[in-house]
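S.K.:
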Amino acid sequence: MAGDSEAKLRLVSDHIRPFLDFPKKGILFRDICPILKEPVALTAVIDLFEEHVRKNHQQVELIVGLDARGFLFGPLLAQRLGIGFILIRKKGKLPGPTVCVSYDLEYGKAEAEVQQDAVKAGQKVLLIDDLLATGGTLYAACELMEKLQVEVMGCLVVVELKELNGVDKLKPHTVFSLVQY
């Protein structure tokens with residue numbers, strides 16, 4: 496099984512494409528679009544997440560996806576696990592009563608929200624997104640869940656940019672990343 500997981504990790508890593516100077520000069524952007532284009536690579540991502548969750552988070556009740564790329568992986572994982580999926584969106588994108596948090600970005604402020612009735616107090620959730628950089632967005636999502644008295648069991652990401660130390664911002668929450676740069 497370990498060899499199978501290693502082969503899947505190599506496949507995922509091979510489908511992450513670097514773009515220098517995007518979105519601005521000096522940034523090396525890690526593009527996950529090739530994973531989405533190749534069914535076997537996308538399946539590998541979900542297989543690896545599923546293996547991790549079944550081994551480490553058997554009590555999880557919901558997968559929470561972050562706007563927008565968490566929406567690509569989250570529903571597939573939730574379906575595999577036989578549990579629900581909910582959205583955390585940018586402010587103003589969800590109908591009905593919502594709960595909102597503000598957070599800082601490198602270039603300003605942003606707000607994230609979730610529908611008020613999407614989760615119940617005490618539920619156990621895992622957050623999912625494509626990438627962990629500085630940790631600002633995932634941290635805001637953790638705050639949002641805690642505001643609703645939901646237990647965040649951890650965070651899942653396809654790519655972690657280790658030099659930006661986003662994992663430190665998320666402590667005490669754990670982060671499981673498939674590929675690290």
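FYI, in the numbering used here the residues of the sequence shown are 496 to 676.
Ideal placement from N, C-alpha and C gives every residue a C-beta, glycine not left out.
Comparing C-alpha positions only, which one of 656, 664 and 584 sits nearest to residue 673?
M.R.: Among 656, 664 and 584, the Cα nearest to that of residue 673 belongs to 656.
S.K.: Over the uninterrupted beta strand (DSSP E) stretch that includes residue 605, give me the two end residues.
M.R.: Run containing residue 605: 603-610, per the beta strand (DSSP E) assignment.
S.K.: Quick check for students: name the residue ranges of the beta strand (DSSP E) that lie wholly in the stretch 580-665, counting only runs of 3 or more.
M.R.: Correct list: 593-600, 603-610, 619-627 and 646-655.
S.K.: Which parts of the stretch 528-589 are runs of the alpha helix (DSSP H), unbroken and 4 residues or longer, counting only runs that do not cross its ends?
M.R.: The stretch 528-589 contains these whole alpha helix (DSSP H) runs: 528-532, 534-551 and 565-576.
S.K.: Would the stretch 572-579 and the stretch 596-609 be scored as touching if the rule is three or more Cβ pairs under 8 Å?
M.R.: Result no; under three Cβ-Cβ pairs closer than 8 Å.
S.K.: Measure the alpha-carbon distance for residue 592 versus residue 525 and round it to whole angstroms.
M.R.: Their backbone Cα atoms lie some 35 Å apart in a straight line.
S.K.: Check residue 526 in the structure and name its three-state DSSP category.
M.R.: Strand.
S.K.: Looking at the secondary structure, which residues open and close the beta strand (DSSP E) in which residue 513 lies?
M.R.: Per DSSP, residue 513 belongs to the beta strand (DSSP E) from 512-515.
S.K.: Measuring only from the beta carbon, is residue 526 closer than 7 Å to any heavy atom that is part of the ligand GDP?
M.R.: This structure simply doesn't include the ligand GDP, nor any ligand for that matter.
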